[in-house]
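Going line by line, the protein sequences match chains C and G. Per the numbering used here, the first sequence runs over residues 3 to 606. Per the numbering used here, the second sequence runs over residues 3 to 606. Beta carbons are placed, not taken as given, at the ideal position from N, Cα and C, and that holds for glycine.
2 protein chains.
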Amino acid sequence: MMLSSLDGHPSYSDPPLVWPIPKHLFWDSDVAKWIEGACYFLKQQSNSEVEAAVKELVEMIRSAQQPDGYLNIHFTVVEPTKRFTNLRDFHELYNAGHLIEAALAHRDLYNNDRLLETLLKYVDLLCATFGQGVNQLPGYPGHPEIELALLRLYDHTKDRKHLELATFFLTERGNPNGWYHQAQAPITEQQTIEGYAVRATYLLTAASDLVRVNPQAVDQKFEVAIYRLSDNMVQRKMYVTGGIGAMKRWEGFGLEYFLPQGTDEGGCYAETCAGIGVMMFAERLLQANASVQIKLDGRFADVMELCLYNAVLTSMSHDGKRFTYSNQLASSDEELSQREEWFTCACCPPNVSRILGQIGGYVWSHHDKPDESSSEITVHLYVPSTLNFQVGSDTVELIQESEWPWGNGDIKFTLKTALLKVALKLRIPGWANSYKLSAECSTASTKNGYLDIPPNWLSQNSTFTLSKPLEPRLIAPHPFTNQTTLSLARGPIVYCVEDADNPWVSDHFKAVQLDPRCKIEERSIDDDASGDSFVGLTVSDGASAIDLQKLQASPAVDAQASQHATPIKELQFVPYYFRANRGGKGQMRVGLRRAAPSAGKGMH
Amino acid sequence: MMLSSLDGHPSYSDPPLVWPIPKHLFWDSDVAKWIEGACYFLKQQSNSEVEAAVKELVEMIRSAQQPDGYLNIHFTVVEPTKRFTNLRDFHELYNAGHLIEAALAHRDLYNNDRLLETLLKYVDLLCATFGQGVNQLPGYPGHPEIELALLRLYDHTKDRKHLELATFFLTERGNPNGWYHQAQAPITEQQTIEGYAVRATYLLTAASDLVRVNPQAVDQKFEVAIYRLSDNMVQRKMYVTGGIGAMKRWEGFGLEYFLPQGTDEGGCYAETCAGIGVMMFAERLLQANASVQIKLDGRFADVMELCLYNAVLTSMSHDGKRFTYSNQLASSDEELSQREEWFTCACCPPNVSRILGQIGGYVWSHHDKPDESSSEITVHLYVPSTLNFQVGSDTVELIQESEWPWGNGDIKFTLKTALLKVALKLRIPGWANSYKLSAECSTASTKNGYLDIPPNWLSQNSTFTLSKPLEPRLIAPHPFTNQTTLSLARGPIVYCVEDADNPWVSDHFKAVQLDPRCKIEERSIDDDASGDSFVGLTVSDGASAIDLQKLQASPAVDAQASQHATPIKELQFVPYYFRANRGGKGQMRVGLRRAAPSAGKGMH
């Protein structure tokens with residue numbers, strides 16, 4: 003670990019990873035993310051080895067702090083004269099942000115300030131350094147993170163200078179050449195989401211926090227911009243898996259509707275951390291309650307759920323030992339569907355650890371009504387779990403039980419309380435065609451994707467079932483993407499085809515096409531090798547492979563000629579998250595060509 | 003004109019157009035191309051003003067030659083010490099090539115060596131300078147042109163050193179970083195066509211010449227490579243208009259099958275000069291006769307014809323006063339469908355002038371059989387025209403009359419000769435579903451797209467008609483392009499839709515879709531403003547516009563839901579070459595989305 007000593011280290015002399023960024027420049031953040039993730043898991047289950055490591059790291063961080071509060075390895079050991087000289091490229095404030103988040107997780111676990119104290123001292127230095135004052139620097143970081151960390155810190159400290167520094171960083175940006183860093187204009191003026199995808203989502207996460215925490219700090223245009231950029235991202239720059247960032251070259255957003263599935267089609271990056279960023283952003287927008295400006299809207303939960311089960315979960319192997327950075331929707335000879343044990347730039351694995359460690363926070367949110375007359379639980383995700391919370395001095399327990407995302411889609415809720423003060427909001431996913439409560443509730447109403455269940459009904463029905471049939475369905479990207487493809491989905495799960503199940507494939511399923519009238523059947527899979535169980539899907543009667551020998555473009559093909567295609571008897575689909583767990587050739591595809599019926603002459 | 007004086011000129015101090023290339027570095031070639039084109043037109047029709055200009059320029063060029071034969075304005079006037087120091091970027095040999103071609107055209111027109119003499123002296127210097135000898139430079143030019151010019155010169159001089167220098171330039175290449183200049187490997191090893199599109203076609207034109215002129219100079223792998231690269235270009239990197247080069251950034255080829263129609267889809271350059279380069283390349287491959295290695299194949303004529311009527315002709319306005327450099331298949335807000343009066347880098351307009359001036363050479367080729375027993379005329383293009391040639395001491399005349407590319411597709415041939423020695427090969431276009439001769443010819447056979455008509459039948463039928471019905475048809479790019487589009491074509495003409503005819507459009511026809519079962523009707527258009535007459539096409543019953551309000555991706559759309567589209571009563575199509583002649587908003591599209599029938603629930 004880099005923090006083991008403040009002496010020099012041979013790796014400090016390695017050539018830059020990406021000019022001008024030294025290889026180890028974001029290692030501070032990787033360690034911080036590991037601590038943060040570890041604290042979340044330790045809260046659920048103790049582990050002496052992990053606890054010892056956390057302790058050792060915390061002490062190292064404490065000892066690395068400089069007398070004035072400064073805390074960064076590179077600019078203490080390697081280039082001490084270059085502190086705060088390149089906020090755009092050097093990840094100095096990004097590292098600080100992750101250390102703050104680690105300190106808050108550590109505080110929450112141990113109920114002591116052993117790490118937080120150190121970070122508060124560093125934040126004092128940052129607050130003194132940055133701002134519009136005479137002796138202050140007017141800069142803001144090139145990679146957002148400290149903004150959301152400061153707002154999280156403010157939630158804990160209620161120290162206004164933490165809020166003010168976050169507000170300063172968020173509102174200072176605006177430089178015509180800054181598109182890569184989402185700084186091409188002030189947030190309020192940004193019309194489309196651009197640049198590096200992770201940075202964009204971290205920035206919007208913090209911006210949403212600011213609107214929620216301190217609506218007075220920003221005008222209405224700020225909130226409008228957040229929704230505008232979110233819509234732009236989801237409707238025009240997001241893959242059907244929830245992945246974002248078509249452009250590998252700048253790890254970010256490309257043209258609107260430019261969403262090639264893989265390298266051989268000209269793109270697809272869909273970085274794991276960007277998927278996590280989308281979840282963070284959505285989660286912030288779902289922390290709506292009567293006292294804040296933002297309004298609860300199920301479409302953000304739809305995107306959060308989509309990312310979790312697909313864009314994010316696909317990044318980790320079933321045994322938790324291998325990861326991906328980029329999550330393409332189709333493999334190619336240049337880029338196979340596979341995972342790696344580690345990366346030189348290791349941002350993604352500890353980020354997966356953080357998000358899985360705090361997944362409970364994504365499942366539901368809990369707000370007391372301003373007058374404390376009642377408490378409201380909003381259920382965003384359907385995951386077997388138990389929520390305990392206080393209403394005044396009373397402890398309430400809410401349990402959800404289901405086989406989700408498998409099974410038939412029934413979720414059984416049990417509310418344990420003697421109070422009549424608890425209301426529920428249950429998310430009805432955008433993909434659900436119907437839903438049903440086990441007992442009729444005439445006063446329940448659905449608004450923006452959430453079913454409102456009032457306290458009086460709950461007091462009569464402390465145990466009830468919400469049913470949302472889980473059935474396979476066909477989805478497609480927007481036609482402007484020029485991806486005339488069909489994908490299979492079932493509930494929140496998006497599927498793919500792999501050579502492990504379809505060993506005859508040798509072209510990464512490029513020539514495979516699907517008739518939208520195809521027959522789709524479910525099958526229960528218990529995969530022996532991985533130990534995973536899930537619902538697989540089989541397409542029969544409707545899949546075929548274009549006969550490319552008979553289809554030579556010169557450069558055009560006759561659009562009215564019969565299409566030559568060879569029927570595929572059975573095409574097996576597995577969840578996209580499950581890809582690359584069973585060896586094979588690394589051939590995979592999510593979107594299959596939509597078979598175009600020929601012009602009247604019938605399919606061959 | 004830059005050649006008016008060898009004194010300095012203020013523009014010589016202008017900053018580089020593209021680093022490190024001074025703005026005026028290829029002006030020598032522009033002047034040469036203008037002279038060459040002018041000579042072709044003067045051969046058909048005299049014009050004293052043009053003749054005077056040619057004469058003045060020729061004298062200037064003569065006077066600009068240095069004592070050792072060197073001839074280049076920039077490296078004589080501006081940077082005399084940098085002769086032959088950067089063959090890759092500085093267009094020095096490219097300029098020389100165009101001057102050679104101009105000299106040959108001038109020689110052919112005036113039957114004197116006033117310009118050719120100068121160029122022969124320069125070529126002597128080049129032959130002495132380049133090669134594998136001890137005091138020679140081993141370089142080759144970054145922009146091919148001199149290779150084909152030297153081979154053309156060799157056809158005239160039969161001087162083997164001209165052939166040898168061309169052979170040297172063609173076989174010397176091979177540098178892993180040279181993809182932009184088609185130098186990533188020797189031609190024989192190149193697997194796919196890459197880099198700057200104009201350079202690639204000029205190189206392959208010369209390579210084809212070399213195989214034809216001196217098959218002994220190169221091995222069989224050279225010819226195989228030419229066909230491989232041609233197939234790669236036509237089948238995987240060419241637009242349905244014959245345009246090549248999807249990537250604006252390097253004005254060249256992108257990934258296989260990456261053929262977006264316009265800037266908002268991520269590409270489409272289709273430079274005019276590249277279309278001309280394809281025609282040159284195809285024309286060389288069609289100069290097949292019994293004595294050369296290459297075999298006559300109509301697919302090259304198909305591509306040549308496609309480029310002529312579409313990718314090339316679309317570059318010039320009907321009045322001949324405005325040009326395009328890039329010829330996209332769809333406009334966008336960023337790049338409207340329009341033409342300009344001139345360009346700083348003016349390669350395209352004089353290239354159009356050259357090709358139109360020598361179009362006769364593209365219409366047919368003429369070869370005597372090796373034993374001089376007979377003469378063979380191969381007709382590649384159907385253009386009303388007359389060919390006069392000699393068989394021994396006899397003059398033969400072949401006339402073709404038609405309304406091509408309009409009318410019903412009948413071509414009337416008249417052969418005027420007393421000899422029984424003339425054979426004909428008539429191209430049957432790849433797009434033609436059928437053909438018919440006005441009199442039965444039992445001995446005629448079709449091979450590789452050409453109908454062989456023997457001398458004995460011709461002596462009985464000196465006047466006959468070949469009929470190839472011209473009817474509208476639907477064409478499409480290869481499905482791997484991810485362009486699920488339909489375009490209209492009729493004979494060699496590809497059509498487009500424009501806002502001039504469809505003024506309701508405001509989205510560049512992005513949302514317009516076509517049912518492949520649509521009804522297509524012809525209409526005779528006499529456009530008053532331009533004076534052009536052509537066959538327009540009208541689609542009724544099958545065109546519609548997707549209702550985008552009802553189709554929001556979040557990020558996926560339900561592929562089984564009904565599609566909402568508003569029928570378009572009549573959609574008017576005009577030839578793609580005719581675009582942007584009538585004002586309007588500059589909205590245009592060639593490929594319209596292919597309407598996808600919904601999955602069983604019926605179209606709305």
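Cβ of residue i less than 7 Å from any chain G Cβ?
i        : result
Pro569/C : no
Leu288/C : no
Leu573/C : no
Pro471/C : no
For the beta strand (DSSP E) holding residue i, just list the boundary residues, first then last.
i        : result
Val499/G : 495-500
Phe536/C : 535-548
Ala151/G : From DSSP, Ala151/G is part of no beta strand (DSSP E) but of the alpha helix (DSSP H) over 148-159.
Ala491/G : 487-492
Val365/C : Element bounds for Val365/C: not the beta strand (DSSP E) but the alpha helix (DSSP H), 362-365.
Measuring straight from C-alpha to C-alpha, what distance separates residue i and residue j?
i        : j        : result
Asp304/C : Ala491/G : 44 Å
Gly593/C : Asn583/G : 41 Å
Gln46/G  : Asp110/G : 12 Å
Ser659/G : Phe28/G  : Since the first residue of chain G shown is 3 and the last is 606, residue 659/G is not available in this structure.
Ser526/C : Asn504/G : 54 Å
Lys250/G : Gly269/G : 6 Å
Pro577/G : Arg356/G : 23 Å
Cys347/C : Lys25/C  : 8 Å
Phe482/G : Ala425/C : 53 Å
Gly141/G : Arg90/G  : 9 Å
Ala313/C : Val242/C : 9 Å
Arg595/G : Thr326/C : 35 Å
Glu119/G : Val60/G  : 11 Å
Any beta carbon from chain C within less than 7 Å of residue i's own beta carbon?
i        : result
Met4/G   : Model confidence at Met4/G stands at a pLDDT of 41, short of 50, so the residue's coordinates are unreliable; what they give is reported in the following sentence. It does not: the Cβ of Met4/G has no partner Cβ on chain C nearer than 7 Å.
Pro557/G : yes
Ala478/G : yes
Val236/G : yes
Starting from residue i, trace the alpha helix (DSSP H) both ways and give me its first and last residue.
i        : result
Ser607/G : In the structure as shown, chain G begins at 3 and stops at 606. Residue 607/G is therefore absent and cannot be evaluated.
Ile102/G : 94-112
Pro351/G : 350-359
How would you list, in chain order, the residues of chain C whose beta-carbon sits under 9 Å from the beta-carbon of residue i?
i        : result
Glu267/G : Leu257, Tyr259, Phe260, Phe482, Asn484
Can you pull the chain G neighbours of residue i, defined as C-beta to C-beta under 9 Å?
i        : result
Gly264/C : Within 9 Å Cβ-Cβ: nothing; Gly264/C doesn't reach chain G, min ~11 Å.
Run down chain G in chain order and give the residues with a C-beta less than 7 Å from the C-beta of residue i.
i        : result
Lys512/C : Phe482
Asp304/C : Ser556
Arg301/C : Ser556
Arg596/C : Ala598
Which residues of chain C have a Cβ atom closer than 8 Å to the Cβ of residue i, listed in chain order?
i        : result
Val608/G : Lying outside 3 to 606, the shown extent of chain G, residue 608/G is not represented and no answer is given.
Ile548/G : Pro481
Leu553/G : His480, Pro481
Gly432/G : Ser556
Against residue i, what residues of chain C qualify as contacts under a CB-to-CB distance less than 7 Å, listed in chain order?
i        : result
Ala561/G : Leu476, Ile477, Ala478, Leu488, Pro518
Arg492/G : Here the premise fails: no neighbours, minimum Cβ distance about 13 Å.
request  = Only counting runs of 4 or more residues, tell me where the alpha helix (DSSP H) segments fall wholly within the stretch 219-302 of chain C, in order along the chain.
outcome  = If we require 4 residues or more, the alpha helix (DSSP H) runs fully inside the stretch 219-302 of chain C come out as 222-238, 274-287.
ask   = What are the start and end residues of each continuous beta strand (DSSP E) run of 3 or more residues lying completely inside the stretch 391-474 of chain G, in chain order?
value = As summarised for the stretch 391-474 of chain G, the continuous beta strand (DSSP E) elements at least 3 residues long and confined to that stretch are 396-403, 412-418, 424-429, 447-449, 452-455, 465-469, given in chain order.
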